[in-house]
Amino acid sequence: MPASHLRLVVIDGSQVAPAPRRPRGWNVRREREEKLAIIREHLGHITHSMSRIQTLAGELEASLGISLPDFTPYPLPDRPDVSA
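Going by the working numbering, the letters in the sequence shown line up with residues 1 to 84, in that order.
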């Protein structure tokens with residue numbers, strides 16, 4: 001079965017470092033919790049950046065007289081579904 005990750009090898013094909021192991025069991029949960037903690041920690045920066053991008057897009061629309069598509073890739077939980 002082919003590996004889905006890269007391996008560090010020498011020109012002759014011998015492996016230099018062991019292939020990275022996939023996290024299993026509680027390590028998966030720990031990594032997921034760490035990612036969520038990082039997201040929570042930087043959520044203010046992320047929302048500010050998204051707000052700034054939307055403001056700039058609005059200014060661009062106004063100055064060029066065009067309408068850009070909504071670039072939010074997924075519906076936000078506090079926003080009503082516009083497709084309904």
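Built from N, CA and C at the ideal position, the CB exists for glycine as well.
These numbers come from a predicted model, not from an experiment.
- For the pair K35 and G44, the Cα-to-Cα distance works out to about 15 angstroms.
- Separation of I11 and R24 (C-alpha to C-alpha, rounded to the nearest whole angstrom) is 31 angstroms.
- Taken atom to atom, the span from the alpha-carbon of Q54 to that of S14 is near 51 angstroms.
- If you draw a straight line from the Cα of A37 to the Cα of T47, it comes to about 16 angstroms.
- Taking the Cβ atoms as the reference, E59 lies roughly 11 angstroms from L68, outside the contact range of under 8 angstroms.
- Per DSSP, the continuous alpha helix (DSSP H) segment holding S63 begins and ends at 43-64.
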